[in-house]
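Enquirer: Input: one structure, supplied below.
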Amino acid sequence: MSLVHSRCRRSQSVQPRLTVKQSTPSPTHTDTRLPRLHLGRSFTIHSFVPLVRCARVRPWVPRCSAVMAEHLSQSELDYPFKLLEYFNGFRVSKVIFTACELGVFDLLLNSAEPLSSCTVARELATSPDGMERLLDALVGIDILEVEVADGTALYSSTDVASLYLAKGSAKSLHDMIIYQSQTIYPLWSNMADAVREGRNQNQKTFGLPPEDVFQAIYRSEEEMLKFMGLMNSSWVLDGHDVVTAFNLSGFQTIVDLGGCTGALAREMAQAYPSSSVTVFDLPQVVEAAQLHFSQENQAVAFHTGDFFSGEIPAADLYVLARILHDWPEEKCLKLLRKIYDACKPGGGVLLVEAMLFENRRGPIMAQIFSLNMLVQAEGRERAPSEYSHMLSKTGFHNIQVCRTGKSYDSILAIR
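Positions 1 to 415 (full-length UniProt numbering) are the ones given, in order, by the sequence shown.
Below you can see the structure in the form of structure tokens.
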């Protein structure tokens, strides 16, 4: 008898019918100091180019223009705004990364009033010219706001920057951004080699063997803490949604395998206070989690071990959150068989992953994550049917899928 009742109206048996919904872009912030050139929907830049009368040039269009027109508007064929936006995407990311690393958002959050670029530069020990350019770029992508008083530009945080980019915020993504900047960004510089070779680039990027993924991820205490900060930040955004996609209150004992800092386990314990929740992870990870990421009145327990080579504790429900995407199918099957053998009858496993559509045409976030698994790990992102195949092959049944509409989705299967 199943212990679960689905809360998700989109919960469905595998091979669900999926719908892609386009999000509506937010209005662009207006800066009255300078005219702006709008690049697509996502960001704008200041335009210093004087307006001149110019002849309209008809672009060269290949014979397959009819096919291209299905994907590109006529305005895009006339001038590639969207392509330019994509080309500059890495620069936009680095603007945000740099501001986080320098402490711009914390300084503005803690300031009682807007600050000039000279003040920000002095407080953060940077060049005034460099800081002014950085702040203007942050205004250009709607991360900061600016006002002019007595001829001086004064900068302040937007609500989004204060909530997600300042380190001191309860919903801060600062640790995620630092990891993206200092670890993922260098790896992606070797993406062409990853695609050519079909394997991760830990050797070329960090001088570490590609076979041991987590040796690279945990190559130093500093790097391990950065990775743990990334995982902790992830569940600030998605934790509540993925643990409440299904009503899991019928599971009395829950073990989060590879639960890292315990952030997702805390969301689980908060959602299901009558259940006991345990984080199971490597000894060094558990030690760091309790030292650096513990919270007062923490309602989760920690248990050390290796879920591949050691025993796992008995439970009604096992959680694998962002675990299977690290590994090739044979390793995933090995772990799922181990969970099936340890799971109590009527118990289950909850998978949390960024799931591709069945036709693999999206979501773009999952496609990007899958490339990241290529360049950093041994696995990939998968479609629901691929997870269903692995679950069925290892004995699980009653497989249900819930798309949250955010970065990560949930799959529940019963023993």
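All residues carry an ideal CB built from backbone N, CA and C; glycine is no exception.
These numbers come from a predicted model, not from an experiment.
Tell me, please, which residues DSSP counts as bridged to Val319.
Expert: Paired residue(s): Asp256 and Leu350.
Enquirer: Based on the DSSP output, what are the partners of Gln270 in its beta bridges?
Expert: DSSP output for Gln270 lists no bridge partner at all.
Enquirer: Could you give the C-beta distance for Ala194 and Gln201, rounded to a whole number, given that I count them as a contact under 8 Å?
Expert: About 5 Å separates the beta carbon of Ala194 from that of Gln201, a gap short enough to meet the 8 Å contact definition.
Enquirer: Which two residues bound the contiguous alpha helix (DSSP H) that contains Leu138?
Expert: Per DSSP, the continuous alpha helix (DSSP H) segment holding Leu138 begins and ends at Pro128 to Gly140.
Enquirer: Mind reading off the beta-carbon distance from Val319 to Tyr408? Whole number of angstroms is fine, and I expect it under 8 Å.
Expert: Not confirmed; about 12 Å, so no contact.
Enquirer: In its own chain, which residues sit with a C-beta less than 6 Å from the C-beta of Ile411, not counting the 5 before and 5 after it?
Expert: Leu351, Tyr387 and Val401
Enquirer: Return yes when the Cβ of Ala121 is within less than 8 Å of the Cβ of Leu144, no when it is not.
Expert: no
Enquirer: Return the chain-ordered ranges of every alpha helix (DSSP H) run that is complete within the segment 186-253 and spans a minimum of 4 residues.
Expert: 191-197, 202-206, 213-217 and 221-243
Enquirer: Since Ser370 and Glu358 are thought to touch, with beta carbons under 8 Å apart, how far apart are those beta carbons, to the nearest angstrom?
Expert: In fact, because the Cβ distance is near 14 Å, the residues do not count as touching under 8 Å.
Enquirer: Tell me which residues share the same chain as Asn190 and place their Cβ nearer than 8 Å to its Cβ, disregarding the 5 neighbours each side in the sequence.
Expert: For Asn190, where only same-chain residues beyond five positions count, the Cβ hits under 8 Å are Gln201, Lys204, Thr205 and Val375.
Enquirer: I need the DSSP call for Tyr155, collapsed to helix, strand or coil.
Expert: strand
Enquirer: Please report the straight-line C-alpha distance between Gly239 and Gly262, rounded to a whole angstrom.
Expert: Rounded to whole angstroms, Gly239 to Gly262 spans 11 Å at the Cα level.
Enquirer: Which residues in the same chain as Lys171 place their Cβ atom closer than 7 Å to its Cβ, once the five residues preceding and following it in sequence are excluded?
Expert: Leu163, Tyr164 and Val236
Enquirer: Give me the Cα-Cα distance between Ser215 and Ala377, rounded to the nearest whole angstrom.
Expert: It should be noted that the sequence gives Gln, not Ser, for residue 215. Using only the alpha carbons, I get a separation of about 11 Å.
Enquirer: Report yes if the C-beta distance between Tyr272 and Lys226 is below 8 Å; otherwise report no.
Expert: no
Enquirer: Identify whether residue 503 lies in helix, strand or coil by the three-state DSSP scheme.
Expert: Because the chain in this structure spans residues 1 to 415, residue 503 falls outside the shown range and cannot be described.
Enquirer: Rounded to whole angstroms, what is the Cα-Cα separation between Phe48 and Asp136?
Expert: Only weak support is given to the placement of Phe48: the predicted model assigns it a pLDDT of 30, under 50, and the question is left unresolved by the model.
Enquirer: Please name the residue or residues paired with Cys402 in a DSSP beta bridge.
Expert: Ser410
Enquirer: Please list, in chain order, all residues of the same chain as Met131 whose beta carbon is under 6 Å from its beta carbon, the five residues on each side excluded.
Expert: Scanning its chain for C-beta atoms nearer than 6 Å, with the 5 sequence neighbours on each side dropped, one finds around Met131 the residues Ser117, Val120 and Ala121, in chain order.
Enquirer: Starting from the Cα of Thr404, find the closest Cα among Lys344, Ile323, Val243 and Phe396 and give me that residue.
Expert: Val243
Enquirer: According to the neighbour-count rule (16 or more other Cβ atoms, all chains shown, within 10 Å of its Cβ), is Asn398 buried or exposed?
Expert: It counts as exposed.
Enquirer: Can at least three beta-carbon pairs, one atom from the segment 285-292 and one from the segment 313-330, be found at a separation below 8 Å?
Expert: no
Enquirer: Return the CA-CA distance between Leu282 and Asn372, expressed in angstroms with no decimal places.
Expert: The straight-line gap from Cα to Cα measures roughly 23 Å.
Enquirer: Which first and last residues belong to the beta strand (DSSP E) in which Ala301 is found?
Expert: Val300 to Thr304
Enquirer: Residue ranges of each alpha helix (DSSP H) run of no fewer than 4 residues wholly in the segment 76-110, ordered along the chain?
Expert: 81-87, 89-102 and 104-110
Enquirer: Which stretch, first to last residue, makes up the alpha helix (DSSP H) that contains Phe369?
Expert: Ile364 to Gln376
Enquirer: In terms of alpha-carbon separation, which member of Val277, Glu223 and Leu154 lies closest to Ser181?
Expert: Glu223
Enquirer: Is the Cβ-Cβ distance between Ala265 and Val286 less than 8 Å?
Expert: In this structure, Val286 does not lie closer than 8 Å to Ala265 by Cβ.
Enquirer: Taking the alpha helix (DSSP H) that Thr119 falls in, what are its first and last residues?
Expert: Per DSSP, the continuous alpha helix (DSSP H) segment holding Thr119 begins and ends at Ser117 to Leu124.
Enquirer: On the three-state DSSP scale, how would you describe Thr278?
Expert: strand
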